[in-house]
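Residue numbers (this note's numbering): 40 to 671. I have placed the structure first, in the form of structure tokens, so that the comments after it can refer back to it.
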Amino acid sequence: MGRYEEVFQKSIQDARGFWGAAAEKISWYRKWDNVLDDTNPPFYRWFPGGELNTCYNALDRHVEGGRADQAALIYDSPVTNTIRKFTYRELLDQVSHFAGALRKLGVEKGDTVIIYMPMIPQAVVAMLACARLGATHSVVFGGFAPHELAIRIDDARPKVIISASGAVEVKRLIEYKPMLDKAIELASHKPSKCVIFQRPMIKADLMKGRDLDWDGLTADAGPAECVPVKATDPLYILYTSGTTGMPKGIVRDNGGHAVAMQWSMEHIYDTKPGDVYWAASDVGWVVGHSYIVYGPLLAGCTTVLYEGKSVGTPDPGAFWRVISQHGVKALFTAPTAFRAIKKEDPQGEYIKKYDLSGFKYLFLAGERLDPDTYHWAHNLLQRPVIDHWWQTETGWPITANCMGVERFPIKPGSSTKPVPGFNVKILDTDGAVLGPNQEGLVAIKLPLPPGTLPTLWQADERFLQSYMKMFPGYYFTSDGGYRDEDGYTFVMGRVDDVINVAGHRLSTGAMEEVIARHPAVAECAVIGAADSLKGQLPLGFVVLKAGVDTDNNKIKEELVRMVRGQIGPIACFRESCVVARLPKTRSGKILRGIMRKIADGHEYRMPSTIDDPATLGEIEDALKGMGYAKKG
Ligand code: COA
Ligand code: AMP
Numbered sequence: 040m041g042r043y044e045e046v047f048q049k050s051i052q053d054a055r056g057f058w059g060a061a062a063e064k065i066s067w068y069r070k071w072d073n074v075l076d077d078t079n080p081p082f083y084r085w086f087p088g089g090e091l092n093t094c095y096n097a098l099d100r101h102v103e104g105g106r107a108d109q110a111a112l113i114y115d116s117p118v119t120n121t122i123r124k125f126t127y128r129e130l131l132d133q134v135s136h137f138a139g140a141l142r143k144l145g146v147e148k149g150d151t152v153i154i155y156m157p158m159i160p161q162a163v164v165a166m167l168a169c170a171r172l173g174a175t176h177s178v179v180f181g182g183f184a185p186h187e188l189a190i191r192i193d194d195a196r197p198k199v200i201i202s203a204s205g206a207v208e209v210k211r212l213i214e215y216k217p218m219l220d221k222a223i224e225l226a227s228h229k230p231s232k233c234v235i236f237q238r239p240m241i242k243a244d245l246m247k248g249r250d251l252d253w254d255g256l257t258a259d260a261g262p263a264e265c266v267p268v269k270a271t272d273p274l275y276i277l278y279t280s281g282t283t284g285m286p287k288g289i290v291r292d293n294g295g296h297a298v299a300m301q302w303s304m305e306h307i308y309d310t311k312p313g314d315v316y317w318a319a320s321d322v323g324w325v326v327g328h329s330y331i332v333y334g335p336l337l338a339g340c341t342t343v344l345y346e347g348k349s350v351g352t353p354d355p356g357a358f359w360r361v362i363s364q365h366g367v368k369a370l371f372t373a374p375t376a377f378r379a380i381k382k383e384d385p386q387g388e389y390i391k392k393y394d395l396s397g398f399k400y401l402f403l404a405g406e407r408l409d410p411d412t413y414h415w416a417h418n419l420l421q422r423p424v425i426d427h428w429w430q431t432e433t434g435w436p437i438t439a440n441c442m443g444v445e446r447f448p449i450k451p452g453s454s455t456k457p458v459p460g461f462n463v464k465i466l467d468t469d470g471a472v473l474g475p476n477q478e479g480l481v482a483i484k485l486p487l488p489p490g491t492l493p494t495l496w497q498a499d500e501r502f503l504q505s506y507m508k509m510f511p512g513y514y515f516t517s518d519g520g521y522r523d524e525d526g527y528t529f530v531m532g533r534v535d536d537v538i539n540v541a542g543h544r545l546s547t548g549a550m551e552e553v554i555a556r557h558p559a560v561a562e563c564a565v566i567g568a569a570d571s572l573k574g575q576l577p578l579g580f581v582v583l584k585a586g587v588d589t590d591n592n593k594i595k596e597e598l599v600r601m602v603r604g605q606i607g608p609i610a611c612f613r614e615s616c617v618v619a620r621l622p623k624t625r626s627g628k629i630l631r632g633i634m635r636k637i638a639d640g641h642e643y644r645m646p647s648t649i650d651d652p653a654t655l656g657e658i659e660d661a662l663k664g665m666g667y668a669k670k671g
């Protein structure tokens, strides 16, 4: 038996022994009573009875253990021309004082705090300060519009919101404060205070009595010590797109999360304390939570916080510059970032300018890694390019080529094998386990390992409905795929109405809800169509109300504005078309899956339940008019 097989089998057959041993690498105030409480399935709890503090494990113990002067965080911001290093001692100092400032505002264990910030060190400080106090943070990605932020405010009910005056995008400044004000106006729940970090290039107006300046508040705050929390207490809530306009509040606990992060840094990413690890993502996404902030810091690495893009900041050599300048060992990003480099620098001229001798691995996730991009990246880098598959829900990879366990040959298009702890199965729609090379639905046999979602924030029933009821005894991933004869997993894409745009997870259902509010729209459908740069792009189809004689182009422009204004620019909703009717089943269900196949030029089978087959021809014509539906 190979090393992987041995580790994997142990993780499944003796989950308690396996994770109990892994948990020894974390510092606990009180050890757990039981590694896993499985008395109330499918609500499993890891390390009940245990007490710890995640911030202590991410900062204090490294300072106490001799890493005080090692860089904990390197802030590299080509958009502001800034590079700033924070040692573990400095980061701890900033975090403990900001935690002291939050405490002055009444934030304590069990409270929720929303963080709506760009990629600046204060975002990391804010997250860790909440963890230090035992408060539960919920970071909202800055590309979301006020309406989306308002939904999250009403669900998380934060005592305090932490934000900044704005973000610096490649070609423009984005003011956050007006968006925050609008969101609070829209929300029913009102935070008692907002803390605003003023960036030098954007000045926010503060509302007297409610808003406080970050610097002013922190200047006279003493440091706060770590508050012990239960392993099962929530560290954070991270909202992610579901199939409707109401996002899902993924809950992450403290204990299981710390154990899983620490284990994954060593065994999946092959990083050791002191290594420089860079996840080029955003703190607003799960990759940012797990592998910009918590994973690398829990493991005693140096993390890179990069405020820039793979191209345009200033050129397609940006990633190579960061890797060589900071001695990055492993880079983790989304395939789309590499497709953008490939588009601008197909021959890889920029890479020749930099010394990448310390660079060992490229990890890609967030969307399917198409074989073309894999080959391009591999030929260019001549290093392992590792596709790994995971979800906000799991918090860490489900399938991967675990560099710290056993390295398998890579098969392009596959994210390799199940990570220890994840008992992945391919099922048919009746829940029967499928054999090799049979495509089906990807599910994970319960219990899920530590660090995965114990439930949805104050929504146990939705948790059951969304993930647990489809196949009792399994977590349903909503992804389709298969496994080959060597046990390699191929994840082919979502089987629900969630799409992936530039590695950002979005709900077509949420976009439909926005479009349906347009006074001229009778009904609509949004699908995700394949895009060579961003993976997928949303396309809207609208049927107008009878008698509407407004110019179609004007309506389409209004729809773009509405989606941008209510969901945000990251939805990248730019194209729609007006059609006479939508293809439906006789029972009235819109055939979005078939529309998607037509858009991507794939073969499809005419469903026997279709109401009028001619509607598919009409959709195909409309798609051709937009440059889609090309065969081959
Ligand atoms: N705050 C406000 N607006 C934001 C934002 C933020 N934090 N992040 C992005 N936006 C806006 C952008 O300005 C852009 O607006 P525009 O339509 O006015 O131009 C829009 O949202 C789309 O942004 P983005 O998807 O970043 O597109 P881009 O064309 O600027 O860049 C890529 C293209 C491929 C370089 C970029 O999408 C990328 O690097 N993606 C990787 C994403 C990633 O890391 N995902 C995390 C999973 S690992
Ligand atoms: P998110 O929750 O934003 O991380 O998005 C999760 C979804 O992204 C998954 O359900 C998949 O559909 C997709 N995804 C993430 N990583 C991969 C990958 N390596 N291969 C294929 N799909 C992926």
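The C-beta atom is built at its ideal place from N, Cα and C for all residues, glycine as well. As the structure is a prediction and not an experimental result, all values here were calculated from the model.
* Asked: Are the beta-carbon atoms of K584 and A559 separated by less than 8 Å?
  -> The criterion of a C-beta distance shorter than 8 Å is satisfied by K584 and A559.
Per DSSP, which residues does F371 bridge with? Please list them. BP columns for F371 point to A318, F402.
Among A168, T528, A549, which has the Cα closest to the Cα of G538?
Strictly speaking, residue 538 in this sequence is Ile, with Gly absent from that position. Of the listed residues, the one whose Cα sits closest to I538 is A549.
inquiry  = Within 10 Å of its beta-carbon, does Y68 have 16 or more other beta-carbons around it, so buried, or fewer, so exposed?
reply    = Residue environment: Y68 is assigned as exposed (fewer than 16 neighbouring CB atoms within 10 Å of its CB, all protein chains considered).
- Query: By Cβ distance, which residues of its chain are closer than 7 Å to S116, with the 5 residues on each side in sequence left out?
  - Reply: Within the same chain, S116 has close Cβ partners E346, G347.
ask   = Quick one, which of P459, W324, N293 has its alpha-carbon nearest G173's?
value = Each of P459, W324, N293 was checked against the Cα of G173, and the nearest Cα belongs to N293.
Report task. Reducing DSSP to helix, strand and coil, say where I637 ends up. Result -> For I637, the three-state secondary structure derived from DSSP is helix.
### Task
Answer with buried or exposed for K508, where buried requires no fewer than 16 other C-beta atoms within 10 angstroms of its C-beta.
That one is exposed.
- prompt: Is the distance from the Cβ of Y278 to the Cβ of Y215 below 8 Å?
  reply: Y278 is not a Cβ neighbour of Y215, given a cutoff of 8 Å.
Using only the heavy atoms of the ligand AMP, determine whether one of them is closer than 7 Å to the beta carbon of D523.
Not so, every heavy atom of the ligand AMP lies at least 7 Å from the Cβ.
| said: I'd like to know if the region 518 to 531 and the region 487 to 500 are in contact, where contact means that at least 3 CB-CB pairs between them fall below 8 Å. | reply: By the C-beta criterion, the region 518 to 531 is judged not to be in contact with the region 487 to 500, since fewer than 3 inter-stretch pairs fall below 8 Å.
Review point. Using CA coordinates, which residue listed in F358, R360, D254, F461 is at the minimum distance from F15?
Key: Look at the range of the chain in this structure, 40 to 671, and you will see that residue 15 is not part of it.
query: Which full runs of the beta strand (DSSP E) of 3+ residues lie inside the region 206 to 230, going along the chain?
result: Listed in chain order, the complete beta strand (DSSP E) runs (minimum 3 residues) inside the region 206 to 230 are 212 to 214.
- Terminal residues of the continuous alpha helix (DSSP H) containing D394? Note, D394: premise wrong, no alpha helix (DSSP H); not H, not E.
Residue range of the unbroken alpha helix (DSSP H) whose run includes A61 | Run containing A61: 54 to 61, per the alpha helix (DSSP H) assignment.
Nonlocal neighbours in the same chain, by C-beta distance under 6 Å from R123, ignoring five residues either side:
Correct list, in chain order: Y114.
I629 bridges to which residues according to DSSP? I629 is bridged to K623.
Closest by CA to I331, which one among G288, K229, V163?
Cα-wise, what sits closest to I331 is V163.
Review point. So A541 packs on C611, CB below 8 Å; how close in whole Å?
Key: Indeed they touch by this definition, with Cβ atoms about 7 Å apart.
Checklist entry - For P511 versus T547, is the C-beta spacing smaller than 8 Å? => result Taking 8 Å as the cut-off, the beta carbon of P511 is found no closer than this to the beta carbon of T547.
Per the contact definition of three or more C-beta pairs closer than 8 Å, is the region 203 to 219 in contact with the region 300 to 310? With the rule of 3 Cβ pairs closer than 8 Å, the region 300 to 310 does not count as touching the region 203 to 219.
| said: Less than 8 Å between the beta carbons of G334 and S303, yes or no? | reply: Cβ atoms of G334 and S303: closer than 8 Å.
Q | Span of the beta strand (DSSP E) around H543 | A | Residues 543 to 546.
Check whether the Cβ of N73 sits closer than 7 Å to any heavy atom of the ligand AMP, and report yes or no.
-> Taking the Cβ of N73 as the reference point, every heavy atom of the ligand AMP lies at 7 Å or farther away.
Rounding to the nearest angstrom, what Cα-Cα distance links R142 and L219 in this structure?
L219 has its alpha-carbon roughly 22 Å from the corresponding atom of R142.
**Asked** Where does G532 sit, in a helix, a strand or coil, going by DSSP?
**Response** In the structure shown, the three-state DSSP call for G532 is strand.
With a cut-off of 8 Å on the beta carbons, I'd call A318 and F398 a contact; round off their distance for me.
A318 to F398, Cβ: 14 Å. No contact.
Reduced DSSP category for C94 - H, G, I as helix; E, B as strand; rest coil
Correct three-state label for C94: helix.
- Message: Measuring straight from C-alpha to C-alpha, what distance separates I701 and H186?
- Response: Beyond the ends of the chain as shown, which are 40 and 671, falls residue 701; an answer cannot be given.
Note to self: DSSP three-state label for T342, please.
What the structure shows: Per DSSP, reduced to three states, the secondary structure at T342 is strand.
What I want to know is whether the C-beta of V463 ends up closer than 7 Å to one or more non-hydrogen atoms of the ligand AMP.
No, the beta carbon of V463 sits no closer than 7 Å to any heavy atom of the ligand AMP.
>> Applying the 10 Å Cβ sphere with the 16-neighbour rule, what's the burial state of A110?
In response: When all chains shown are included, A110 counts as buried.
Please classify G479: is it buried, with 16 or more other beta-carbons within 10 angstroms of its beta-carbon, or exposed? Counting of Cβ neighbours within 10 angstroms places G479 among the buried residues, the total reaching 16 or more.
| message | Does Q430 pass the burial test, meaning 16 or more other C-beta atoms within 10 Å, or should it be called exposed? | response | Only buried fits Q430, as 16 or more other CB atoms lie within 10 angstroms of its CB.
Please confirm whether any heavy atom of the ligand AMP lies closer than 7 Å to the CB of V163. False, no ligand heavy atom lies under 7 Å from that Cβ.
Give a yes or no on whether the C-beta atoms belonging to C563 and G586 are separated by under 8 Å.
Going by C-beta atoms, C563 is not nearer than 8 Å to G586.
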